[in-house]
Amino acid sequence: MGKELIAAIKAKLAAMKKVEASGFTDQTRAAEYFREKEFILEEIVKTLEAVTDGQEAETEALKATVKSLRDELKVKAAYPKELTRRELCYSIGKGIAAAWAGNHKTLADLSFSPNFKADNWTNPKDVAWGEKGWTVNKAALGEPMGNMATNDQYLINPIYETEIMQDAAKKSVMMGLVRHRPMMGPSIFLPTRNRGGVQLHWLTAYGQAITGSKPQGAQRVELKAYTLAGFIPWFDEFEEDVFVDLGAIFIEEFTEAYGQEFDRQCLLADDDPFTGVMEVDGTVKVQIAGADINALTWKDFRDAVYKVPAEERKDCAWFLHETVLNHIANIEDDDGRPIWRRPTEAMPGKLDLYPYHEVSIMPQLTDIGANQAFAVFMNPKRIQHGSRRGIEIKKFDGTTESMEYGELFLRFRKRDGFLVTRPQGNMVILKTKAASGGGGGGGGNP
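Per my numbering, residue 303 is the first one in the sequence shown, and the count goes up by one each step.
In structure tokens form, the structure reads like this:
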């Protein structure tokens, strides 16, 4: 048993240098990574203390190695290797080319890892590359991972994933505003309370019975994660001089599509597969003066915000399309002067004292019909985003285009969950009135 433990520890120590050689573009991410490595070393030390069956010499040698690694980590944590943008693109492009060609040694060198499992994806920490190919650290020592000849889906280096998601956040309005929760499984249960969940009672006489004093408990709501897949038209000619371009293409295509979809799930999705703020039940609906969007005035915005309690309102903001904002900017007073700003003034940062965010996927002014929602006032932290780590890539040719035209695709997959919490009394939807005569249109919330 001692020999097996020592062999497993050696494998872990060898794998510890696998990722940090890739470099970092963000100092905070680097610090998090090295803290995690220090935790692994602590676990290794505890394991070594349990090895007692005649392996003292080798155990002491491993402890010395751990000490050396700790000293090295301190230096690297203080001065982490800087990964330039070009190096990031080159490494991702090289990894994509290796995944396309099934070059497992190159994938291992880049800290990409094979992904076998359908629901619970393979954890990159659980696999390693050795003389026998890919092996599973949690399985019996040295056991091959499986028939890798048929596997063509791989998880990218976790450091590269972090960098890609930072780019995706720049393409999304909501990603930097909502509350993010890491998810280890397909769903988690979140406690949610209504305002005033704790009940208070005064006792005015000695021995008075305490009635109805049980506080309202938190309700458990489920946040589920599903797999999102995207397909990028690709090609099958890879040389080293195009690795940078390959990586840049993937980052651009992924971040653009994912950023837009993130905003859609937060705001507009209607059980597809999640429900966004504009479609969720329980929000307060405020109608403007008329069925035509041109009837929108300042008073509509002011009336809407006061539907939200003051303690919630201080963290709220407006979310609307830039054309609706432009309409507000062009509203004039009786003398023909803009109410919001003069022609020579910069665009204000607030809409009637509250911040606003222009979201391109929200309804445009010219498309807003009768009985249609077009803006929301809310605290974006009420939207919970569940993120399961891992971006998977795969060569994909099982499409009609592939059979008919020989077109190939690079498929990427990521897992996410979205949940709007506590919409009652906390979120206000601004919408047009229904058309006169009972006819409505636009598909907004009733």
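Cβ coordinates follow ideal geometry from the N, Cα and C atoms, glycine included. Quick caveat, the model's predicted, so the values are computed rather than measured.
Per DSSP, the beta-bridge partners of Trp-536 are Leu-710. Out of Tyr-560, Leu-598 and Ile-630, the CA that lies nearest to the CA of Lys-473 is found in Tyr-560.
For Ile-731, the enclosing beta strand (DSSP E) has its first and last residue at 730-733.
By the CB criterion at 8 Å, Ile-693 and Leu-457 fall inside the cutoff. Unbroken alpha helix (DSSP H) runs of no fewer than 4 residues, entirely contained in the stretch 620-644, are found at 624-631, following chain order. By the CB criterion at 8 Å, Ala-399 and Leu-409 fall outside the cutoff. Going by DSSP, Lys-526 is part of the beta strand (DSSP E) stretching over 521-526. The stretch 569-582 makes contact with the stretch 715-725, as at least three CB pairs between them are under 8 Å. Spatial neighbours of Gln-726 in its own chain (CB-CB distance under 7 Å, excluding positions within 5 residues in sequence) are listed in chain order as Gly-584. Looking at the DSSP output, Phe-720 shares a beta bridge with His-687. The Cβ-Cβ distance between Phe-679 and Ala-606 falls below 8 Å. The beta carbon of Arg-388 is closer than 7 Å to those of Val-546 in its chain, skipping five residues each way along the sequence. A contact is defined here as three or more CB-CB pairs under 8 Å, and the stretch 480-490 meets this definition with respect to the stretch 525-536. Just so you know, the alpha carbons of Glu-563 and Arg-483 end up roughly 18 Å apart. About 18 Å separates the Cβ atoms of Val-480 and Val-610, ruling out a contact at the 8 Å cut-off.
Under the three-state reduction of DSSP, Ser-413 is assigned to coil, being neither helix nor strand. Per DSSP, reduced to three states, the secondary structure at Glu-563 is helical. Beta bridge pairing from DSSP links Lys-652 with Pro-657. With fewer than three CB-CB distances shorter than 8 Å, the stretch 581-595 does not count as touching the stretch 426-438. Less than 8 Å divides the Cβ of Trp-536 from the Cβ of Leu-710. Taking 8 Å as the cut-off, the Cβ atoms of Leu-732 and Val-544 do not count as close.
Per DSSP, Met-467 lies in no beta strand (DSSP E) segment; the continuous alpha helix (DSSP H) that holds it begins and ends at 460-472. Ala-612: not part of any beta strand (DSSP E); member of the alpha helix (DSSP H) spanning 612-615, first to last residue.
In the DSSP assignment, Trp-402 falls within the alpha helix (DSSP H) that extends over 387-403. Beta-carbon to beta-carbon, Ala-593 and Ser-415 are separated by about 56 Å, too far to satisfy the 8 Å threshold.
If you draw a straight line from the Cα of Lys-616 to the Cα of Gly-532, it is about 38 Å long. For Lys-609, no beta strand (DSSP E) run applies, since DSSP gives it neither H nor E. Around the beta-carbon of Ala-571, 16 or more other beta-carbon atoms lie within 10 Å, marking it buried. A buried status is given to Leu-569, since no fewer than 16 other beta-carbon atoms sit within 10 Å of its beta-carbon.
The alpha-carbon separation between Trp-620 and Thr-506 amounts to approximately 46 Å.
Residue environment for Ile-641: exposed (fewer than 16 other C-beta atoms within 10 angstroms of its C-beta). The shortest C-alpha to C-alpha distance from Asp-699 to any of Glu-362, Gln-455 and Ala-597 is the one to Gln-455. Under the DSSP definition of a beta bridge, Ala-531 partners with Arg-715. In this structure, Met-485 sits near Arg-690, with a CB-CB distance shorter than 8 Å.
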